[in-house]
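Asker: In this note's numbering, the protein residues as written are 274 to 574. Note that CB positions come from ideal geometry on N, CA and C, so glycine has one too. Given the structure is predicted, the values throughout are model-derived calculations rather than measurements.
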(Lines of atoms letter the chains of each structure in order from A and count residues from 1; the text may use other names and numbers.)
(Lines give C-alpha, C1' and ligand atoms only; values in the text may rest on other atoms or scores of the structure.)
Protein backbone atom coordinates (compact mmCIF):
# COMPACT_ATOMS: atom_id res chain seq x y z
CA UNK A 1 0.00 0.00 0.00
CA UNK A 2 1.15 3.51 -0.79
CA UNK A 3 -0.21 6.40 1.28
CA UNK A 4 0.10 9.92 -0.09
CA UNK A 5 -0.70 12.95 2.05
CA UNK A 6 -0.36 16.17 0.10
CA UNK A 7 3.07 16.12 -1.48
CA UNK A 8 4.66 13.52 0.80
CA UNK A 9 4.60 9.77 0.28
CA UNK A 10 5.21 6.74 2.47
CA UNK A 11 5.75 3.39 0.79
CA UNK A 12 4.53 0.41 2.81
CA UNK A 13 5.06 -2.33 0.22
CA UNK A 14 6.29 -2.52 -3.34
CA UNK A 15 7.34 -5.27 -5.75
CA UNK A 16 10.11 -3.82 -7.89
CA UNK A 17 10.16 -6.96 -10.09
CA UNK A 18 6.66 -6.30 -11.46
CA UNK A 19 6.22 -6.10 -15.23
CA UNK A 20 3.96 -3.05 -14.84
CA UNK A 21 4.13 -0.31 -12.26
CA UNK A 22 3.33 3.32 -11.46
CA UNK A 23 6.05 5.90 -10.96
CA UNK A 24 4.98 8.42 -8.34
CA UNK A 25 6.04 12.08 -8.24
CA UNK A 26 8.42 11.17 -5.39
CA UNK A 27 10.22 8.49 -7.42
CA UNK A 28 8.58 5.49 -5.74
CA UNK A 29 7.27 2.51 -7.72
CA UNK A 30 3.88 0.89 -7.10
CA UNK A 31 3.43 -2.57 -8.64
CA UNK A 32 0.34 -3.14 -10.77
CA UNK A 33 -0.80 -6.70 -10.18
CA UNK A 34 -4.44 -7.56 -10.71
CA UNK A 35 -6.41 -4.49 -9.64
CA UNK A 36 -4.56 -1.43 -8.38
CA UNK A 37 -7.07 0.93 -6.77
CA UNK A 38 -6.85 4.63 -5.92
CA UNK A 39 -8.95 6.45 -3.35
CA UNK A 40 -9.29 8.11 0.00
CA UNK A 41 -10.48 4.95 1.81
CA UNK A 42 -7.81 2.94 3.69
CA UNK A 43 -8.43 -0.27 1.71
CA UNK A 44 -7.12 1.11 -1.58
CA UNK A 45 -3.76 0.11 -3.06
CA UNK A 46 -2.86 3.79 -3.34
CA UNK A 47 -4.43 5.84 -0.54
CA UNK A 48 -4.71 9.55 -1.38
CA UNK A 49 -5.66 11.56 1.69
CA UNK A 50 -7.06 14.46 -0.25
CA UNK A 51 -10.57 15.97 -0.02
CA UNK A 52 -10.74 16.15 -3.82
CA UNK A 53 -10.27 12.37 -4.07
CA UNK A 54 -13.28 10.06 -3.74
CA UNK A 55 -13.25 7.15 -1.30
CA UNK A 56 -13.13 4.72 -4.23
CA UNK A 57 -11.85 6.91 -7.04
CA UNK A 58 -10.35 4.77 -9.81
CA UNK A 59 -8.44 1.59 -10.55
CA UNK A 60 -6.00 0.06 -13.01
CA UNK A 61 -7.30 -3.35 -14.10
CA UNK A 62 -4.98 -6.06 -15.48
CA UNK A 63 -6.55 -8.15 -18.19
CA UNK A 64 -5.26 -10.56 -20.79
CA UNK A 65 -1.47 -10.67 -21.17
CA UNK A 66 0.30 -7.37 -20.53
CA UNK A 67 -2.90 -5.35 -21.05
CA UNK A 68 -3.97 -2.74 -18.49
CA UNK A 69 -7.08 -0.55 -18.39
CA UNK A 70 -7.83 2.54 -16.31
CA UNK A 71 -11.37 2.73 -14.91
CA UNK A 72 -12.86 5.75 -13.16
CA UNK A 73 -15.32 4.55 -10.49
CA UNK A 74 -17.71 7.48 -10.68
CA UNK A 75 -15.47 9.96 -8.90
CA UNK A 76 -16.73 13.50 -8.32
CA UNK A 77 -13.62 15.25 -9.67
CA UNK A 78 -12.59 12.81 -12.38
CA UNK A 79 -9.52 10.85 -13.46
CA UNK A 80 -7.29 12.10 -16.28
CA UNK A 81 -4.95 10.36 -18.73
CA UNK A 82 -2.50 12.63 -20.55
CA UNK A 83 -4.68 15.61 -19.67
CA UNK A 84 -7.99 14.15 -20.88
CA UNK A 85 -10.78 13.12 -18.52
CA UNK A 86 -11.58 9.40 -18.56
CA UNK A 87 -15.21 9.04 -19.69
CA UNK A 88 -15.05 5.25 -20.21
CA UNK A 89 -12.50 2.56 -19.35
CA UNK A 90 -9.40 3.17 -21.47
CA UNK A 91 -6.38 1.04 -22.25
CA UNK A 92 -3.10 2.33 -20.87
CA UNK A 93 0.10 2.59 -22.86
CA UNK A 94 3.64 2.73 -21.54
CA UNK A 95 4.43 6.27 -20.37
CA UNK A 96 0.84 7.48 -19.94
CA UNK A 97 0.34 10.05 -17.19
CA UNK A 98 -2.53 9.40 -14.77
CA UNK A 99 -3.71 12.41 -12.77
CA UNK A 100 -6.08 12.29 -9.79
CA UNK A 101 -6.70 15.69 -8.16
CA UNK A 102 -3.17 17.11 -7.63
CA UNK A 103 -1.50 13.67 -7.73
CA UNK A 104 0.20 12.33 -10.84
CA UNK A 105 1.52 8.87 -11.74
CA UNK A 106 3.31 7.60 -14.81
CA UNK A 107 2.27 4.14 -15.99
CA UNK A 108 5.12 1.84 -16.98
CA UNK A 109 4.85 -1.50 -18.77
CA UNK A 110 8.19 -3.08 -19.55
CA UNK A 111 6.74 -5.97 -21.57
CA UNK A 112 6.69 -5.16 -25.28
CA UNK A 113 3.97 -6.85 -27.37
CA UNK A 114 6.39 -6.81 -30.31
CA UNK A 115 8.93 -8.98 -28.46
CA UNK A 116 7.05 -11.92 -26.89
CA UNK A 117 8.58 -13.81 -24.03
CA UNK A 118 8.88 -17.35 -25.45
CA UNK A 119 9.34 -18.92 -22.03
CA UNK A 120 6.20 -17.17 -20.78
CA UNK A 121 4.31 -18.17 -23.95
CA UNK A 122 5.22 -21.84 -23.52
CA UNK A 123 4.15 -21.72 -19.86
CA UNK A 124 0.86 -20.06 -20.83
CA UNK A 125 0.15 -22.79 -23.41
CA UNK A 126 0.81 -25.46 -20.78
CA UNK A 127 -1.49 -23.69 -18.32
CA UNK A 128 -4.47 -23.45 -20.68
CA UNK A 129 -7.36 -25.63 -19.53
CA UNK A 130 -10.97 -26.17 -20.52
CA UNK A 131 -13.56 -25.26 -17.88
CA UNK A 132 -17.32 -24.81 -17.68
CA UNK A 133 -18.12 -21.12 -17.21
CA UNK A 134 -20.97 -18.71 -16.93
CA UNK A 135 -20.28 -15.77 -19.25
CA UNK A 136 -21.98 -12.38 -18.95
CA UNK A 137 -21.63 -9.35 -21.20
CA UNK A 138 -23.15 -6.04 -20.10
CA UNK A 139 -22.98 -2.72 -21.91
CA UNK A 140 -24.68 0.66 -21.94
CA UNK A 141 -27.41 0.75 -24.59
CA UNK A 142 -26.83 3.58 -27.07
CA UNK A 143 -23.83 4.77 -25.09
CA UNK A 144 -22.76 7.43 -27.62
CA UNK A 145 -26.19 9.09 -27.67
CA UNK A 146 -26.52 8.67 -23.91
CA UNK A 147 -23.25 10.49 -23.15
CA UNK A 148 -24.04 13.28 -25.62
CA UNK A 149 -27.27 14.07 -23.78
CA UNK A 150 -25.50 14.56 -20.46
CA UNK A 151 -23.37 17.54 -19.41
CA UNK A 152 -19.69 16.90 -20.17
CA UNK A 153 -18.75 16.55 -16.48
CA UNK A 154 -21.74 14.34 -15.63
CA UNK A 155 -21.30 11.57 -18.23
CA UNK A 156 -18.06 10.14 -16.73
CA UNK A 157 -19.59 10.14 -13.25
CA UNK A 158 -22.70 8.24 -14.37
CA UNK A 159 -20.70 5.70 -16.38
CA UNK A 160 -18.15 5.27 -13.59
CA UNK A 161 -20.79 4.79 -10.90
CA UNK A 162 -22.51 2.18 -13.06
CA UNK A 163 -19.27 0.25 -13.60
CA UNK A 164 -18.46 0.42 -9.88
CA UNK A 165 -21.94 -0.86 -8.96
CA UNK A 166 -21.73 -3.70 -11.48
CA UNK A 167 -18.25 -4.67 -10.32
CA UNK A 168 -19.51 -4.89 -6.74
CA UNK A 169 -22.51 -6.99 -7.79
CA UNK A 170 -20.34 -9.44 -9.76
CA UNK A 171 -17.71 -9.82 -7.04
CA UNK A 172 -20.25 -10.18 -4.21
CA UNK A 173 -21.75 -13.12 -6.12
CA UNK A 174 -18.31 -14.84 -6.44
CA UNK A 175 -17.74 -13.82 -10.05
CA UNK A 176 -15.08 -11.62 -11.63
CA UNK A 177 -14.87 -9.01 -14.36
CA UNK A 178 -12.47 -10.41 -16.92
CA UNK A 179 -12.19 -7.37 -19.16
CA UNK A 180 -13.62 -3.90 -19.64
CA UNK A 181 -14.93 -2.99 -23.07
CA UNK A 182 -15.21 0.78 -23.15
CA UNK A 183 -18.94 1.03 -22.46
CA UNK A 184 -19.30 -2.40 -20.85
CA UNK A 185 -17.55 -5.51 -19.56
CA UNK A 186 -17.20 -9.30 -19.76
CA UNK A 187 -17.66 -11.16 -16.46
CA UNK A 188 -17.51 -14.85 -15.62
CA UNK A 189 -18.11 -17.46 -12.96
CA UNK A 190 -16.45 -20.87 -12.82
CA UNK A 191 -19.21 -23.43 -13.24
CA UNK A 192 -17.69 -26.91 -13.50
CA UNK A 193 -20.00 -29.91 -13.82
CA UNK A 194 -19.67 -30.78 -10.14
CA UNK A 195 -20.51 -27.25 -9.00
CA UNK A 196 -23.12 -26.02 -11.50
CA UNK A 197 -25.87 -25.58 -8.91
CA UNK A 198 -23.92 -23.38 -6.45
CA UNK A 199 -22.57 -21.34 -9.37
CA UNK A 200 -26.07 -21.00 -10.85
CA UNK A 201 -27.37 -19.68 -7.54
CA UNK A 202 -24.60 -17.07 -7.41
CA UNK A 203 -25.22 -16.03 -11.01
CA UNK A 204 -28.97 -15.76 -10.39
CA UNK A 205 -28.29 -13.51 -7.40
CA UNK A 206 -26.21 -11.24 -9.62
CA UNK A 207 -28.86 -11.23 -12.37
CA UNK A 208 -31.59 -10.16 -9.94
CA UNK A 209 -29.46 -7.32 -8.59
CA UNK A 210 -28.47 -6.18 -12.09
CA UNK A 211 -32.15 -6.22 -13.07
CA UNK A 212 -32.88 -3.94 -10.10
CA UNK A 213 -30.17 -1.59 -11.40
CA UNK A 214 -31.78 -1.70 -14.85
CA UNK A 215 -35.11 -0.71 -13.31
CA UNK A 216 -33.48 2.48 -12.00
CA UNK A 217 -33.13 3.51 -15.64
CA UNK A 218 -29.83 5.44 -15.66
CA UNK A 219 -27.91 4.34 -17.52
CA UNK A 220 -30.01 2.01 -19.68
CA UNK A 221 -27.94 -1.14 -20.17
CA UNK A 222 -28.09 -4.65 -21.64
CA UNK A 223 -27.19 -7.97 -20.02
CA UNK A 224 -26.68 -11.25 -21.90
CA UNK A 225 -25.88 -14.56 -20.22
CA UNK A 226 -24.43 -17.80 -21.60
CA UNK A 227 -23.02 -21.05 -20.21
CA UNK A 228 -20.45 -23.23 -21.92
CA UNK A 229 -16.94 -24.63 -21.99
CA UNK A 230 -14.17 -22.07 -22.44
CA UNK A 231 -10.41 -22.28 -22.48
CA UNK A 232 -8.79 -20.44 -19.59
CA UNK A 233 -5.15 -19.55 -19.05
CA UNK A 234 -2.47 -16.93 -18.80
CA UNK A 235 -3.35 -15.39 -15.44
CA UNK A 236 -2.83 -16.01 -11.76
CA UNK A 237 -6.36 -15.39 -10.52
CA UNK A 238 -9.94 -14.78 -11.60
CA UNK A 239 -10.26 -11.67 -13.72
CA UNK A 240 -6.65 -11.80 -14.94
CA UNK A 241 -6.99 -15.01 -16.93
CA UNK A 242 -7.53 -15.11 -20.68
CA UNK A 243 -10.89 -16.55 -21.76
CA UNK A 244 -10.83 -18.13 -25.22
CA UNK A 245 -12.92 -20.27 -27.54
CA UNK A 246 -16.17 -20.33 -29.48
CA UNK A 247 -18.33 -19.83 -26.38
CA UNK A 248 -16.66 -16.47 -25.70
CA UNK A 249 -17.32 -15.43 -29.31
CA UNK A 250 -20.89 -16.71 -28.90
CA UNK A 251 -21.71 -14.46 -25.94
CA UNK A 252 -20.38 -11.39 -27.75
CA UNK A 253 -22.52 -12.24 -30.78
CA UNK A 254 -25.45 -12.61 -28.36
CA UNK A 255 -24.90 -9.03 -27.21
CA UNK A 256 -25.11 -7.81 -30.81
CA UNK A 257 -28.29 -9.84 -31.29
CA UNK A 258 -29.86 -8.39 -28.13
CA UNK A 259 -29.01 -4.90 -29.37
CA UNK A 260 -30.62 -5.54 -32.77
CA UNK A 261 -33.76 -6.95 -31.08
CA UNK A 262 -33.97 -4.09 -28.58
CA UNK A 263 -33.72 -6.61 -25.71
CA UNK A 264 -32.15 -5.61 -22.40
CA UNK A 265 -31.94 -9.17 -21.00
CA UNK A 266 -31.25 -12.34 -22.98
CA UNK A 267 -30.09 -15.85 -22.05
CA UNK A 268 -28.84 -18.66 -24.26
CA UNK A 269 -30.64 -22.01 -24.09
CA UNK A 270 -27.81 -23.69 -22.08
CA UNK A 271 -27.90 -20.87 -19.52
CA UNK A 272 -31.70 -20.89 -19.33
CA UNK A 273 -31.76 -24.65 -18.74
CA UNK A 274 -29.48 -24.34 -15.72
CA UNK A 275 -31.32 -21.25 -14.46
CA UNK A 276 -34.81 -22.76 -14.29
CA UNK A 277 -34.75 -23.33 -10.54
CA UNK A 278 -33.27 -19.92 -9.79
CA UNK A 279 -34.57 -17.29 -12.19
CA UNK A 280 -37.97 -16.83 -13.87
CA UNK A 281 -37.72 -16.73 -17.66
CA UNK A 282 -39.91 -15.32 -20.40
CA UNK A 283 -40.51 -15.73 -24.10
CA UNK A 284 -38.32 -17.97 -26.26
CA UNK A 285 -37.20 -17.16 -29.80
CA UNK A 286 -34.79 -18.58 -32.37
CA UNK A 287 -32.17 -16.57 -34.23
CA UNK A 288 -28.98 -17.01 -36.18
CA UNK A 289 -25.68 -15.51 -35.06
CA UNK A 290 -23.01 -14.11 -37.34
CA UNK A 291 -20.17 -16.62 -37.67
CA UNK A 292 -22.21 -19.56 -36.35
CA UNK A 293 -24.16 -22.09 -38.42
CA UNK A 294 -27.88 -22.62 -37.91
CA UNK A 295 -30.27 -21.01 -35.44
CA UNK A 296 -30.19 -20.99 -31.64
CA UNK A 297 -32.82 -20.65 -28.95
CA UNK A 298 -32.70 -17.58 -26.73
CA UNK A 299 -34.79 -16.75 -23.68
CA UNK A 300 -35.82 -13.39 -22.25
CA UNK A 301 -35.55 -12.97 -18.48
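Mapping the DSSP letters down to three states, classify residue 532 as helix, strand or coil.
Answerer: Reduced to three states, the DSSP call for residue 532 is helix.
Asker: Spell out a yes or no on whether the segment 323-333 and the segment 366-386 are touching, meaning 3 or more CB-CB pairs, one atom from each, closer than 8 Å.
Answerer: Judged by Cβ distances under 8 Å, the segment 323-333 makes contact with the segment 366-386, as three or more pairs qualify.
Asker: Quick check: what's the CA-CA separation for residue 567 versus residue 559?
Answerer: In a straight line, the C-alpha of residue 567 is about 10 Å away from that of residue 559.
Asker: Run through DSSP, which three-state label would residue 544 get?
Answerer: DSSP places residue 544 in helix when its eight states are reduced to three.
Asker: With three or more beta-carbon pairs closer than 8 Å as the criterion, would you say the segment 420-428 touches the segment 469-483?
Answerer: As far as the Cβ criterion goes, the segment 420-428 does not touch the segment 469-483, which means the pair count is below three.
Asker: Would the beta-carbon of residue 320 fall within 8 Å of that of residue 409?
Answerer: No, the pair does not count as a contact, with Cβ atoms beyond the cut-off.
Asker: Rounded to whole angstroms, what is the Cα-Cα separation between residue 313 and residue 323?
Answerer: Answer to the nearest angstrom: the Cα atoms are 7 Å apart.
Asker: Just the Cα atoms here: how many angstroms apart are residue 463 and residue 359?
Answerer: Roughly 31 Å between the two C-alpha positions.
Asker: How big is the Cα-Cα spacing for residue 579 and residue 547?
Answerer: No answer is possible for residue 579: the residues shown for the chain start at 274 and end at 574.
Asker: So, helix, strand or coil for residue 314, using DSSP?
Answerer: Of the three classes helix, strand and coil, the one that applies to residue 314 here is coil, per DSSP.
Asker: If you follow the alpha helix (DSSP H) that residue 431 is part of, which residue opens it and which one closes it?
Answerer: Taken as a continuous stretch (DSSP letters only), the alpha helix (DSSP H) holding residue 431 covers 427-445.
Asker: Classify residue 412: buried if its beta carbon has 16 or more other beta carbons within 10 angstroms, exposed otherwise.
Answerer: So residue 412 counts as buried.
Asker: Measuring only the C-alpha atoms, how far is residue 356 from residue 549?
Answerer: Rounded to whole angstroms, residue 356 to residue 549 spans 49 Å at the Cα level.
Asker: May I ask you to report which of helix, strand or coil DSSP gives residue 523?
Answerer: Helix, per DSSP.
Asker: Here's the rule I'm using: 16 or more other beta-carbon atoms within 10 Å means buried, otherwise exposed. How should residue 574 be labelled?
Answerer: The residue is buried, with at least 16 neighbouring Cβ atoms inside 10 Å.
Asker: Leaving out the 5 sequence neighbours to the left and right, which residues in its chain are closer than 7 Å to residue 340 when beta-carbon positions are compared?
Answerer: Excluding residues within five positions, the ones whose Cβ falls inside 7 Å are 364.
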